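Only one structure is covered here, and it is reproduced in the block below.
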Amino acid sequence: MLKIAFLLELFFITDHFLQESAELHITGVYQGKTLFIQNPYDRESKLFCVTAIYVNGSKLGLNYKVSALKLDFDGIDKFSPLSIKVQHAPGCKPIILNPDAIHFHSTFSFGEVGFADTALVWKTSGEKSGSVFTLEKYQFGIWIEGDTIPAKGEFGGAEYSYSPLLEEGANKLRIKYITPKGDYLLSREVDFHFYPEPVTFKPYNATNTLYLSRAASYEVFDAGGDLVLSGQGTTADISSLPSGDYVIYFDSKDPGVFRKD
1 MLKIAFLLEL FFITDHFLQE SAELHITGVY QGKTLFIQNP YDRESKLFCV TAIYVNGSKL
61 GLNYKVSALK LDFDGIDKFS PLSIKVQHAP GCKPIILNPD AIHFHSTFSF GEVGFADTAL
121 VWKTSGEKSG SVFTLEKYQF GIWIEGDTIP AKGEFGGAEY SYSPLLEEGA NKLRIKYITP
181 KGDYLLSREV DFHFYPEPVT FKPYNATNTL YLSRAASYEV FDAGGDLVLS GQGTTADISS
241 LPSGDYVIYF DSKDPGVFRK D
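Residues 1 to 261 (the numbering used here) make up the sequence shown, in order.
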């Protein structure tokens with residue numbers, strides 16, 4: 001866990017009152033601890049205060065007819081951000097019994113995280129020199145670590161833009177911030193549906209590099225049909241290939257032909 005520093009508190013509680021219900025909003029970081037919420041009972045109406053709880057947008061299937069509600073955060077990874085919305089009757093107020101369970105002090109925090117076109121963009125504050133970011137993609141029911149991006153180490157704030165390799169269709173990603181000591185903090189999860197345009201490239205006669213219209217995986221075959229080069233990114237280094245004609249496939253489709261001079 002990141003060492004305690006009382007410069008930033010990643011824990012907030014706000015109340016929003018609607019005409020027929022009210023909402024208690026809590027944010028923090030999951031640290032492997034259970035959160036308990038006192039659920040007052042109104043003897044006059046014979047109803048409990050809390051009507052629903054949402055964690056990171058998903059409604060919890062709890063028994064709300066008890067005086068103390070227990071949030072275990074099943075399925076949420078340690079050091080992931082939490083956004084908890086507690087809907088309740090307007091004439092009462094649930095009480096967070098152990099707020100320190102998700103109260104997280106750190107000099108570092110993620111700001112905005114999202115996509116701009118096909119680039120993953122994010123903002124940070126409180127970085128430490130020598131830290132890194134690792135992109136993680138949710139596949140096959142688990143989080144798989146991918147590319148690593150060096151942090152700028154700017155304490156006052158930094159912005160990033162990175163083009164990850166995306167699968168056609170649904171993509172779920174998150175960012176892991178890792179300090180030189182190995183402590184880490186996760187960003188919120190980002191969903192992105194990707195339906196790409198066919199990849200184009202230039203030049204068709206090249207000596208060293210092909211420039212792709214977007215990030216993609218590629219495979220290069222020679223005139224005999226043998227695979228001679230593969231990779232991924234927005235460029236393809238063909239400097240090691242002998243002179244001749246080649247076929248290049250992008251994401252196992254969208255073939256093109258080029259000549260190595």
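From the three backbone atoms N, C-alpha and C, an ideal C-beta is built for every residue, glycine too. The model shown is predicted, which means the values in this text are computed figures rather than measured ones.
When you compare only the Cα positions, how much space is there between residue 60 and residue 23?
Distance between the alpha carbons of residue 60 and residue 23 is about 15 angstroms.
Going by beta-carbon coordinates alone, are residue 131 and residue 158 separated by less than 7 angstroms?
No, they are not a contact pair.
Measure the CB-CB distance between residue 94 and residue 103 and report whether it falls below 7 angstroms.
No. Outside cutoff.
Mind the definition here: the segment 40–52 touches the segment 105–116 only if three or more C-beta pairs lie below 8 angstroms; say whether that holds.
The segment 40–52 vs the segment 105–116: no contact.
Taking the CB atoms as reference points, tell me whether residue 136 and residue 174 lie closer together than 7 angstroms.
In contact: residue 136 and residue 174 (Cβ atoms closer than 7 angstroms).
In chain order, which alpha helix (DSSP H) runs of at least 4 residues are fully inside the segment 54–106?
For the segment 54–106, not a single whole alpha helix (DSSP H) run of length 4 or above is found.
Quick check for students: name the residue ranges of the beta strand (DSSP E) that lie wholly in the segment 167–201, counting only runs of 3 or more.
With a minimum length of 3 residues, the continuous beta strand (DSSP E) runs that stay inside the segment 167–201 are 169–178, 184–186 and 190–194.
Determine whether the beta carbon atoms of residue 27 and residue 72 lie at a separation below 7 angstroms.
It is not a contact, given that the beta carbons lie outside the stated cut-off.
Run through the DSSP bridge pairs and tell me what residue 232 is partnered with.
In the DSSP output, where bridge partners are listed per residue, residue 232 has 217.
Going by beta carbon distance, what residues of the same chain come within less than 6 angstroms of residue 247, once the five residues before and after it are set aside?
Only 221, 255 and 257 meet the Cβ criterion.
Mapping DSSP to helix, strand and coil, what is residue 46?
Looking at residue 46 - three-state DSSP - the assignment turns out to be coil, as it is neither helix nor strand.
Specify whether the segment 233–240 and the segment 169–186 touch according to this definition: at least 3 beta carbon pairs, one from each stretch, less than 8 angstroms apart.
No, the segment 233–240 is not in contact with the segment 169–186.
With distances taken between CB atoms, is the gap from residue 237 to residue 259 smaller than 7 angstroms?
In this structure, residue 259 does not lie closer than 7 angstroms to residue 237 by Cβ.
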